[in-house]
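A.B. asks: Before we start, here is the structure in question, set down as structure tokens.
There are 2 protein chains.
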Amino acid sequence: MTSIARTAPLALSLALAAATAAAAAATPAKPAAKGRTLQQILDASQPSDWRALDPRNTIYLELERGRAVIELAPQFAPEHVANIRALAHNGYWNGLSVNRSQDNYVVQWGDPEEDAAKRKPLGPGAKDKLPAEFARKSAGLKMTVLPDTDGWAKQAGFVDGFPAARDSATGSSWLAHCYGTVGAGRDMAADSSNGSELYVVIGQSPRHLDRNITTVGRVVQGMELLSVLPRGTGALGFYEKPSERAPIVSIALAADLPEAQRAKLEVLRTDTPLFAELVEARRNRRDDWYLQPAGHINLCNMPLPVREKKG
Amino acid sequence: MTSIARTAPLALSLALAAATAAAAAATPAKPAAKGRTLQQILDASQPSDWRALDPRNTIYLELERGRAVIELAPQFAPEHVANIRALAHNGYWNGLSVNRSQDNYVVQWGDPEEDAAKRKPLGPGAKDKLPAEFARKSAGLKMTVLPDTDGWAKQAGFVDGFPAARDSATGSSWLAHCYGTVGAGRDMAADSSNGSELYVVIGQSPRHLDRNITTVGRVVQGMELLSVLPRGTGALGFYEKPSERAPIVSIALAADLPEAQRAKLEVLRTDTPLFAELVEARRNRRDDWYLQPAGHINLCNMPLPVREKKG
């Protein structure tokens, strides 16, 4: 630890980062006259403000240093998610590796073999070819729309906890590329991804990728295992030597594991009054440290609290 | 290396990332019918499109694994930059450490000593107390304004290569918090920073910090040395054990070093027609891979090319 003096400036981020554990144990705090702070809001959350991850939509990426938990979004990419479930069930990624780490952009994993003919078979139930799932009809999706302009899209907000955007003119919605968003690498052809090669955003949100590639979910816990991987020195951040690649111990679907091996995680719901209050407190911070409230929130500056499930 | 197939999707980022070396050696490329790509524009750049870093405004942060180059912005924070020059001249940071690494937020360095009375003396010419330099008058600054809405500020663009924002109502301008922006940690009091404790943004742009803290410059080269530092497990990402801290070998002002030890770097100018073309090509990508041009660019999605100076 170091002095409080020079650490306080950036203290606010603690509120959401530490929500993982802190929110679970907290007691309701007294609201400040100017509105509750992020931490106070989380501390006052009720069990109904949280939802458990669905084991059918959760995969565990096991690296040598630990587990990253990824929530899949079948409502946005049903075909890719079905394929990812099959690939995980088949143990497809076990023994493969993280092959790319490009600074301020993405970390990517899959089969490093260049020759398509020599790549690992996908196994039973997994398809080699899928349709592109860049966007879908907005009908049937409930979005908590953020109050500020997005710039990249006409509207932006959260759908079932995923950062998303939509266009009322075309009636379509899509998962947005924010820090932690997971997508399926593709070649020049729009329909050339099948979910076997995945990437995660580790830098400034590359929103220009939106609607150009299939996004399949987001990392809910363990981003710090992926974001610190040494950057590759080859083109696009690919590792030049096989020995530089980070081995994937396994990727498993939570539903395929016995309950004792599953992460007991809850994530904050995004369709509640509490979440709306959190958005407002993030638009205009109430912590005393802030002298100039922003009066604005960007989709990718709204990370979602995660916590261990009680009991 | 891995297959082109699944790597192509994110290939565009190469254009700017690889500009470091590639742009120097290139020959002008034929413009495509729909406009030149990012790489083609850079390849066609002339020597006058680049500027050399000023050694009086450049510091080298030497870590055990290499050097990060930081460009200082005296036009935004003259008092802090003067202090940082004095601190570097005094060898103040030599033997101190990186004490904090918080995922998707900041990496921070300085004196880890909690007790202010026991901290390392700043040395001759360095002041313990400075005024806050959160923003300055816009008069005298030439901004290349980006065409799209920013959200966080009325206008955003580049001033002398630094991402910046301004407000015509108040007539003030400030350096924006983007990936790589360097700022001076402070306590609760606005004027409690002196530049001895510095942080760099390693994640999604925390623009809510704008005008709440003094920003002093940006990392021009070597971000990947800082962004991969293991995240601290203490509050705010501070390392809990002293052994986890990354030692700072030295921080030196380029002007204090013999010419042979200085990095020969040039950065792309942001006040040229070439830069305007680059902005437009980034708003609407011309690479064949893109099916849906964004029609938008965000200030922090516009990284600046850097290259080794020829000759």
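Quick note, the sequences are listed as chains A and B, same order. Position 145 (the first sequence) corresponds to 145 in full-length UniProt numbering; numbering is contiguous. Position 250 (the second sequence) corresponds to 250 in full-length UniProt numbering; numbering is contiguous. Every residue, glycine too, gets a C-beta built ideally from N, C-alpha and C.
So, at 8 Å on beta carbons, what are the nonlocal neighbours of residue 113 (chain B) in its own chain, with the 5 sequence-adjacent residues on each side left out?
C.D. replies: As a first step, residue 113 (chain B) must be located in the second sequence, where it is residue number 113. Taken in chain order, the residues that qualify are 119, 120.
A.B. asks: Around the C-beta of residue 204 (chain A), are 16 or more other C-beta atoms found within 10 angstroms, so that it is buried, or is it exposed?
C.D. replies: For the purposes of this step, residue 204 (chain A) is taken as residue 204 along the first sequence, with counting starting at 1. With 16 or more other Cβ atoms within 10 Å, it is buried.
A.B. asks: Taking the Cβ atom as the reference point for each residue, do residue 49 (chain A) and residue 270 (chain A) lie within a distance shorter than 8 Å?
C.D. replies: Indexing the first sequence from 1 puts residue 49 (chain A) at position 49. Indexing the first sequence from 1 puts residue 270 (chain A) at position 270. Contact flag unset, no.
A.B. asks: Measuring only the C-alpha atoms, how far is residue 235 (chain A) from residue 108 (chain A)?
C.D. replies: Position 235 of the first sequence, counted from the start, is the residue given in the question as residue 235 (chain A). Position 108 of the first sequence, counted from the start, is the residue given in the question as residue 108 (chain A). Answer to the nearest angstrom: the Cα atoms are 13 Å apart.
A.B. asks: In whole angstroms, what separates the C-alpha of residue 227 (chain A) from that of residue 177 (chain B)?
C.D. replies: Start at 1 with the first residue of the first sequence, and residue 227 (chain A) comes out as number 227. Start at 1 with the first residue of the second sequence, and residue 177 (chain B) comes out as number 177. Looking at the two C-alpha atoms, the distance is approximately 19 Å.
A.B. asks: So the candidates are A:185, A:223, A:55; which of them puts its Cα closest to the Cα of residue 74 (chain A)?
C.D. replies: Locating residue 74 (chain A) in the first sequence gives position 74, where the first residue counts as 1. Considering only alpha carbons, the answer is A:55.
A.B. asks: Output the residue ranges of the beta strand (DSSP E) runs that lie fully inside the region 181 to 264 of chain A and measure 3 residues or longer, sorted by chain position.
C.D. replies: Qualifying beta strand (DSSP E) stretches, in chain order: 181 to 184, 198 to 201, 214 to 221, 246 to 253.
A.B. asks: What separation, rounded to the nearest whole angstrom, lies between the Cα atoms of residue 157 (chain B) and residue 145 (chain B)?
C.D. replies: On the second sequence, residue 157 (chain B) is found 157 positions in, with the first residue counted as 1. On the second sequence, residue 145 (chain B) is found 145 positions in, with the first residue counted as 1. Cα to Cα, residue 157 (chain B) sits roughly 4 Å from residue 145 (chain B).
A.B. asks: Does DSSP classify residue 65 (chain A) as helix, strand or coil?
C.D. replies: The residue you call residue 65 (chain A) lines up with position 65 of the first sequence. If DSSP states are grouped into helix, strand and coil, residue 65 (chain A) belongs with coil.
A.B. asks: Taking C-alpha atoms, which residue in A:219, A:258, A:188, A:173 lies nearest to residue 290 (chain B)?
C.D. replies: If you number the second sequence from 1, residue 290 (chain B) lands on position 290. Residue A:188 is the option with its Cα nearest to residue 290 (chain B).
A.B. asks: Are the beta-carbon atoms belonging to residue 53 (chain B) and residue 267 (chain B) less than 8 Å from one another?
C.D. replies: Residue 53 (chain B) sits at position 53 when you count from the first residue of the second sequence. Residue 267 (chain B) sits at position 267 when you count from the first residue of the second sequence. In this structure, residue 267 (chain B) lies closer than 8 Å to residue 53 (chain B) by Cβ.
A.B. asks: Compare the Cα-Cα distances from residue 63 (chain A) to each of A:307, A:229, A:297 and report the closest residue.
C.D. replies: Against the first sequence, residue 63 (chain A) aligns to sequence position 63. Of the candidates A:307, A:229, A:297, the one whose C-alpha sits nearest the C-alpha of residue 63 (chain A) is A:229.
A.B. asks: Can you give the beta carbon distance from residue 297 (chain B) to residue 283 (chain B), rounded, assuming they're within the 8 Å contact cut?
C.D. replies: Your numbering for residue 297 (chain B) matches position 297 in the second sequence. Your numbering for residue 283 (chain B) matches position 283 in the second sequence. Residue 297 (chain B) to residue 283 (chain B), Cβ: 4 Å. Contact.
A.B. asks: Show which residues of chain B have a CB atom less than 7 Å away from the CB atom of residue 291 (chain A).
C.D. replies: Taking the first sequence and counting its residues from 1, one reaches residue 291 (chain A) at position 291. Here the neighbours are 190, 212.
A.B. asks: Of all Cβ atoms in chain B, is any one closer than 8 Å to the Cβ of residue 181 (chain A)?
C.D. replies: Position 181 of the first sequence, counted from the start, is the residue given in the question as residue 181 (chain A). Taking Cβ atoms only, chain B never reaches closer than 8 Å to residue 181 (chain A), which makes this a no.
A.B. asks: What is the DSSP secondary structure of residue 160 (chain B), counted as helix, strand or coil?
C.D. replies: On the second sequence, residue 160 (chain B) is found 160 positions in, with the first residue counted as 1. Note: residue 160 (chain B) maps to coil in three-state DSSP.
A.B. asks: Anyone know if the C-beta pair for residue 245 (chain A) and residue 99 (chain A) falls short of 8 Å?
C.D. replies: Walking along the first sequence from the start, residue 245 (chain A) turns up at place 245. Walking along the first sequence from the start, residue 99 (chain A) turns up at place 99. Yes, they are a contact pair.
A.B. asks: Out of B:165, B:239, B:223, state which residue places its alpha-carbon closest to the alpha-carbon of residue 104 (chain A).
C.D. replies: For the purposes of this step, residue 104 (chain A) is taken as the residue at position 104 of the first sequence. The residue with the shortest Cα to Cα distance from residue 104 (chain A) is B:223.
A.B. asks: Going straight from the alpha carbon of residue 82 (chain B) to that of residue 92 (chain B), what length do you get?
C.D. replies: Position 82 of the second sequence, counted from the start, is the residue given in the question as residue 82 (chain B). Position 92 of the second sequence, counted from the start, is the residue given in the question as residue 92 (chain B). About 14 Å.
A.B. asks: In the DSSP assignment, find the unbroken alpha helix (DSSP H) run with residue 79 (chain B) in it and report its ends.
C.D. replies: Taking the first residue of the second sequence as 1, we reach residue 79 (chain B) at position 79. Note, residue 79 (chain B): alpha helix (DSSP H), 78 to 89.
A.B. asks: Candidates A:307, A:255, A:251: which alpha carbon is nearest residue 61 (chain A)'s?
C.D. replies: One-based indexing of the first sequence puts residue 61 (chain A) at position 61. The residue with the shortest Cα to Cα distance from residue 61 (chain A) is A:251.
A.B. asks: Output the distance between the C-alpha atoms of residue 159 (chain A) and residue 116 (chain B), rounded to the nearest integer angstrom.
C.D. replies: Translated into the one-based positions of the first sequence, residue 159 (chain A) becomes position 159. Translated into the one-based positions of the second sequence, residue 116 (chain B) becomes position 116. Their Cα atoms are separated by approximately 47 Å.
A.B. asks: Note down the Cα distance separating residue 151 (chain A) from residue 209 (chain B), rounded to an integer number of angstroms.
C.D. replies: On the first sequence, residue 151 (chain A) is found 151 positions in, with the first residue counted as 1. On the second sequence, residue 209 (chain B) is found 209 positions in, with the first residue counted as 1. So the two alpha carbons sit approximately 20 Å from each other.
A.B. asks: Around the C-beta of residue 16 (chain A), are 16 or more other C-beta atoms found within 10 angstroms, so that it is buried, or is it exposed?
C.D. replies: For the purposes of this step, residue 16 (chain A) is identified with residue 16 of the first sequence, where counting begins at 1. Interpretation of residue 16 (chain A) is limited by its pLDDT of 33, a score under 50 that renders its predicted location unreliable; the figure taken from the coordinates is listed afterwards. Classification of residue 16 (chain A): buried, given that the 10 Å Cβ count is 16 or more.
A.B. asks: Since residue 148 (chain A) meets chain B, which of its residues come closer than 7 Å, beta carbon to beta carbon?
C.D. replies: Position 148 of the first sequence, counted from the start, is the residue given in the question as residue 148 (chain A). In chain order: 151.
A.B. asks: Quick check on the DSSP output: the beta strand (DSSP E) that includes residue 52 (chain B) runs from which residue to which?
C.D. replies: As a position in the second sequence, residue 52 (chain B) is number 52, starting the count at 1. First-last of the beta strand (DSSP E) with residue 52 (chain B): 50 to 52.
A.B. asks: Leaving out the 5 sequence neighbours to the left and right, which residues in its chain are closer than 7 Å to residue 132 (chain A) when beta-carbon positions are compared?
C.D. replies: Along the first sequence, one-based indexing puts residue 132 (chain A) at 132. Around residue 132 (chain A): 190, 191, 214.
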